[in-house]
Amino acid sequence: MSYEAGRLTANEVRTMFDRIAPVYDVMNRVMTAGLDRRWRRLAVREVVWPGDRVLDACCGTGDLAVEAERRGGRVVGLDFSERMLERARRKSGTIEWVRGDALDLPFADGAFDAATVGFGVRNLDDLERGLRELARVLRPGGKVAVLEITRPRGLLRPFFRLWLDVLVPLAGRVLPGGKAYTYLPASVRRFPGPEDLSRLLEAGGFRQVRYRLLGGGSVALHTGVRP
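Here the working numbering is used: the sequence shown runs in plain steps of one and ends on residue 389.
Pasting the structure below:
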């Protein structure tokens, strides 16, 4: 495994998330001072309306899917880590939880009105294919929201680097699957910035692609529409 390079195979990513599943929610709260919940709510409000059929891909422990259900969506949460899905199932018995691959979604063309991904596209073995799959399963006019960590500019940049490159890996040393928190900063460094991700979303089949920066520029929320 190449944690330090921020590049893992699909099987290695699955194994990593299986290992960190017990501490995943706690680490999310700690690393973001609880702001990740607000960011997920914002993503849902951008693309989900009551009655919508919603896919939350790379759903992890289900926080974003649960927010979509609270919004009135009829939600399917998909992830390839069974340990993460075990925890998701405890949060909602009415969401349809599916073990599957975001690069080969087990759904018909145009099956959903909206799709969300929260901090998951960075881990895809083939980002372009994953984005095309999201577009495929959306109906014409369907919307996508993608939340992802990004590198802030300006005055916050040194503080972000201290948090991501020093404090996060340090915390990971005492946790199950702690090497995942070495992988995290490396994967952020190699991942496309907001402008490049916007272009990839357009190449994947989306239009009206926009993004807004959250958390002082440390998180980007992208949205787009399937024509």
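In this text, a Cβ means the ideal position worked out from N, Cα and C, and glycines have one as well.
The Cβ-Cβ distance between R284 and E244 does not fall below 8 Å.
Using a 10 angstroms sphere on the CB of F179, the tally of other CB atoms reaches 16 or more, which defines it as buried.
Under the three-state reduction of DSSP output, A270 falls in the coil class, being neither helix nor strand. The segment 313 to 323 makes no contact with the segment 285 to 301; the number of CB pairs closer than 8 Å stays below 3. Contact between A219 and V279 holds, since their C-beta atoms are separated by about 5 Å, short of 8 Å. Between S254 and E231 a beta carbon distance of about 6 Å is seen, short of the 8 Å cut, so the two are scored as contacting.
For R261, the pairing in a beta bridge is given by DSSP as D241. For G303, the uninterrupted beta strand (DSSP E) run begins and ends at 300 to 311, by DSSP. Take T194, set aside five residues on each side of it, and no residue of its chain has a beta-carbon closer than 6 Å to its own.
Following the DSSP letters along the chain, one finds D358 in no beta strand (DSSP E) but inside the alpha helix (DSSP H) bounded by residues 356 to 365.
The closest CA to that of F269, considering only F281, T256, R301, is found on R301. Counting only the Cα atoms, L346 lies some 11 Å from F353.
Look at the segment 197 to 243 and you find these whole runs of beta strand (DSSP E), each 3 residues long or longer: 215 to 219, 236 to 241.
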